Amino acid sequence: MAGTNPYIEKAEFELPLQNYDVTFLPMQKKVAVLSEKITTESDGLPGSILNAALEAGIDMDHSCGGVCACSTCHVIVRQGLESCNEATDDEEDMLDLAPGLEPQSRLACQCVPNGTEDLIIEIPEWNRNLVSEDH
Numbered sequence: 081m082a083g084t085n086p087y088i089e090k091a092e093f094e095l096p097l098q099n100y101d102v103t104f105l106p107m108q109k110k111v112a113v114l115s116e117k118i119t120t121e122s123d124g125l126p127g128s129i130l131n132a133a134l135e136a137g138i139d140m141d142h143s144c145g146g147v148c149a150c151s152t153c154h155v156i157v158r159q160g161l162e163s164c165n166e167a168t169d170d171e172e173d174m175l176d177l178a179p180g181l182e183p184q185s186r187l188a189c190q191c192v193p194n195g196t197e198d199l200i201i202e203i204p205e206w207n208r209n210l211v212s213e214d215h
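Be aware that the sequence shown starts at 81, since it is given in the numbering used here, and climbs by one per residue.
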């Protein structure tokens, strides 16, 4: 894990108690998130969208190391937003710097689903050329 940002409020979240799927658009990559295998080895909050993407081999840009200090991991939660933790004021402030902001926008490093439903996550067009997959 890249560490924490001591200058922001701590995000409140609950780790999933059940498995769920995340589909990343536009590449249509479906990732199974296993609740018993949530790791703190990757950047972002444990169980975050960024954490799940990195564990699945999706190289999502996150310039600050996943500590809510930039907006490069901006994603749009197309389905399943209700199962995610609430955005903090600090996350909202960082999101204000992201192009293409939508009501369902989140920072992947701070967005932690609780596992009660599957998610569809869109990586915004301006950031797509920075995302690659390892096969």
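Ideal placement from N, C-alpha and C gives every residue a C-beta, glycine not left out.
It should be emphasised that the depicted structure is a prediction, and the values quoted were computed from it without experimental measurement.
* Nearest to G127 by CA position, among S151, G146, E205, G180, is which residue? -> For the purposes of this step, residue 127 is taken as the residue at position 47 of the sequence shown. Closest by alpha carbon: G146.
* For the 8 Å Cβ check, are there 3 or more pairs between the stretch 172-184 and the stretch 110-129? -> no
* Pick out whichever of T196, T84, M107 has its Cα sitting closest to the Cα of T120. => In the sequence shown, the residue the question calls residue 120 occupies position 40. Residue T84 is the option with its Cα nearest to T120.
* Cut-off 6 Å between Cβ atoms - residues of its own chain near F93, not counting five sequence neighbours on either side -> Along the sequence shown, read from residue 1 onward, the residue named residue 93 stands at position 13. So the list reads N165, V192, once near-sequence residues are dropped.
* Asked: Of all Cβ atoms in chain C, is any one closer than 8 Å to the Cβ of A149?
  -> Annotation note: the requested chain C is absent from the structure, which comprises a single protein chain.
* From S122, P96, E116, L130, pick the residue whose C-alpha is nearest to that of V157; which is it? -> Stepping through the sequence shown from its first residue, residue 157 is reached at position 77. Among S122, P96, E116, L130, the Cα nearest to that of V157 is on L130.
* Asked: Hey, would you say V155 sits closer than 8 Å to E202, going by beta carbons?
  -> The sequence position of residue 155 within the sequence shown is 75, counting from 1. The sequence position of residue 202 within the sequence shown is 122, counting from 1. Going by C-beta atoms, V155 is nearer than 8 Å to E202.
* To do: Check each candidate in L95, A136, A149 and name the one with the smallest Cα separation from V102.
  => In the sequence shown, counting from the first residue as 1, residue 102 sits at position 22. For V102, the nearest C-alpha among the options comes from A136.
* **Same chain only: Cβ atoms within 6 Å of E197, ignoring 5 sequence neighbours per side** => Sequence index remark: in the sequence shown, residue 197 carries index 117 (1-based). Closer than 6 Å at Cβ, skipping near neighbours: G160, S163.
* Asked: If we ignore side chains and look at the alpha-carbon of each, how far apart do Q98 and A132 end up?
  -> Position 18 of the sequence shown, counting from 1, holds the residue named residue 98. Position 52 of the sequence shown, counting from 1, holds the residue named residue 132. Cα to Cα, Q98 sits roughly 14 Å from A132.
* Asked: Hey, out of I200, G180, D169, whose CA is closest to T152's CA?
  -> Counted from its first residue, the sequence shown places residue 152 at position 72. Measuring from the Cα of T152, the nearest candidate turns out to be G180.
* Helix or strand or just coil, what does DSSP make of A132? -> Along the sequence shown, one-based indexing puts residue 132 at 52. Correct three-state label for A132: helix.
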